[in-house]
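Data first, discussion second: the structure below is written as structure tokens.
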Amino acid sequence: VFDEVCETTGVTLKRFMSEVAMLNPEIAELTILFGGIETACKAISNLVKRSQLPSSETLGLEGEVNVQGEDQKKLDVITNDLLKRALRFTGKLGVLASEEEDTPVDVMPENAKRSEIVIDEGDKYVAVFDPLDGSSNVDAGIPTGTIIGIYEHDENCEIDADCVGEECTEQEAQCLANTLQPGTNLVAAAYCLYSSSTFFVLTLGSGTYGFTLDENIGEFVLSHPNMKIPENSKILSFNEANTHMWDEPLQKVVTGWKEGTGKSGESFSSRYVGSMVGDVHRTLLYGGVFGYPGDTKNPNGKLRLLYEGAPMSFIMEQAGGLSTTGTKRVMEIVPEVVHQRVPIVMGSKNDVQEVIDAYAAAG
Ligand code: AHM
Ligand code: MG
22 VFDEVCETTG VTLKRFMSEV AMLNPEIAEL TILFGGIETA CKAISNLVKR SQLPSSETLG
82 LEGEVNVQGE DQKKLDVITN DLLKRALRFT GKLGVLASEE EDTPVDVMPE NAKRSEIVID
142 EGDKYVAVFD PLDGSSNVDA GIPTGTIIGI YEHDENCEID ADCVGEECTE QEAQCLANTL
202 QPGTNLVAAA YCLYSSSTFF VLTLGSGTYG FTLDENIGEF VLSHPNMKIP ENSKILSFNE
262 ANTHMWDEPL QKVVTGWKEG TGKSGESFSS RYVGSMVGDV HRTLLYGGVF GYPGDTKNPN
322 GKLRLLYEGA PMSFIMEQAG GLSTTGTKRV MEIVPEVVHQ RVPIVMGSKN DVQEVIDAYA
382 AAG
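When we follow mature numbering (1 follows the signal peptide of the UniProt record, and there is no 0), the leftmost residue of the sequence shown carries the number 22, and every step to the right adds one.
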């Protein structure tokens, strides 16, 4: 159905979403949500670009430490608030979880009665996001990105925004747990890449579509309709300083790729930005295998399942790629906690399959 939308050139993201909604009324409300996300990404793109100017308010550390013990850069805080506000006022969201928030939060505006923000059928969706992934790279001019996943929300949920842990009633806890859904429940996922251009790549569960920000008109324009990742590749994208700590099957496969003795016989090249959105975007376009596997020091790797692993895996699979922990499909893992980490190897189908086969053979 989406292909019909793409037959015309010069399609903006707004038009794409409204045409998709006309053809698929059941996801019409996503259009409103994506309107908010789109605006937030444009604003973040601007903030990132201006962040190194002497007059900028976004330079340096905020001084707070987030739940994971990292210094929070000012930009992390600002972009988190920005995205939260953009999503909150769509009136389509019940709960959100972010890399920068300790626990999932109700998005009802302060001082507003729930009934005042509920439009039509009410809060339909749950959003999970990393507002500015790779933010420690910004000062060096290295690409960063926003990652977002959208789940359906239980509309009967009424939660107290302040409830934490044992203070929560059973129902409130269940509503919070709405954020803990496996990737297979995602109804949409998107990332925005802030780099040489600003790119917006999304899936609504039927293909992956890429847009580029045309700064002259301030609109995302469809530039990569129905993206398909090459099935074979010769680019590997890992933090190779950790190689000696990886599982043996992965070490073997990667050595084979480097030496040209792997399944495809190709001699691989290495490309690693160290910013997941940048690395995945290149992998989608040129083919390749991107990963942050588990190692002896960090058995679950570094990346977060909920707002990094699952949404990016959804986008990757919808473009014809695979995403695995080595032994499990990332999309099928049910998160137990919001900030859970997950080992990831994703990218070109045949090469990722080689990794899966190596793990299976090792038992
Ligand atoms: P962040 O969420 O603290 O910004 O870290 C996530 C980033 C990813 O974008 C990237 O893939 C990874 O960390 C790189 O880690 P490393 O520096 O260990 O290679
Ligand atoms: Mg991150």
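Even glycine gets a Cβ: it sits at the ideal position worked out from N, Cα and C.
Beta carbon of residue i nearer than 7 Å to that of residue j
{"i": "residue 119", "j": "residue 215", "result": "no"}
{"i": "residue 203", "j": "residue 373", "result": "no"}
{"i": "residue 153", "j": "residue 97", "result": "yes"}
{"i": "residue 367", "j": "residue 337", "result": "yes"}
{"i": "residue 335", "j": "residue 224", "result": "yes"}
{"i": "residue 61", "j": "residue 103", "result": "yes"}
{"i": "residue 266", "j": "residue 318", "result": "yes"}
{"i": "residue 57", "j": "residue 100", "result": "no"}
{"i": "residue 231", "j": "residue 222", "result": "yes"}
{"i": "residue 324", "j": "residue 313", "result": "yes"}
{"i": "residue 247", "j": "residue 277", "result": "no"}
{"i": "residue 173", "j": "residue 116", "result": "no"}
{"i": "residue 308", "j": "residue 254", "result": "yes"}
{"i": "residue 217", "j": "residue 233", "result": "no"}
{"i": "residue 316", "j": "residue 263", "result": "yes"}
{"i": "residue 125", "j": "residue 205", "result": "no"}
Residues bridged to residue i (per DSSP)
{"i": "residue 154", "result": "166"}
{"i": "residue 365", "result": "313"}
{"i": "residue 119", "result": "150"}
{"i": "residue 62", "result": "DSSP output for residue 62 lists no bridge partner at all."}
{"i": "residue 221", "result": "213, 232"}
{"i": "residue 172", "result": "147"}
{"i": "residue 33", "result": "242"}
{"i": "residue 126", "result": "117"}
Nearest-angstrom beta carbon gap, residue j and residue i [assumed within contact, 8 Å]
{"i": "residue 50", "j": "residue 145", "result": "5 Å"}
{"i": "residue 63", "j": "residue 239", "result": "7 Å"}
{"i": "residue 251", "j": "residue 369", "result": "6 Å"}
{"i": "residue 310", "j": "residue 347", "result": "At roughly 12 Å, the Cβ-Cβ gap does not stay under 8 Å, so residue 310 and residue 347 are not in contact."}
{"i": "residue 340", "j": "residue 249", "result": "6 Å"}
{"i": "residue 113", "j": "residue 53", "result": "5 Å"}
{"i": "residue 69", "j": "residue 159", "result": "6 Å"}
Could you say if the stretch 316-336 and the stretch 361-368 meet the contact criterion of at least three C-beta pairs nearer than 8 Å? yes
Whole beta strand (DSSP E) runs in the stretch 226-280 with 3 or more residues, listed along the chain? 229-235, 240-245, 256-258
Restricting to runs no shorter than 4 residues, where is the alpha helix (DSSP H) found entirely within the stretch 283-356? 297-307, 331-339
Touching by the beta-carbon criterion (3+ pairs, under 8 Å), the stretch 275-292 and the stretch 254-262: yes
Would the stretch 149-167 and the stretch 296-314 be scored as touching if the rule is three or more Cβ pairs under 8 Å? yes
Can you confirm whether the stretch 268-276 touches the stretch 208-228 when touching is taken to mean that 3 or more C-beta pairs between the two stretches lie within less than 8 Å? no
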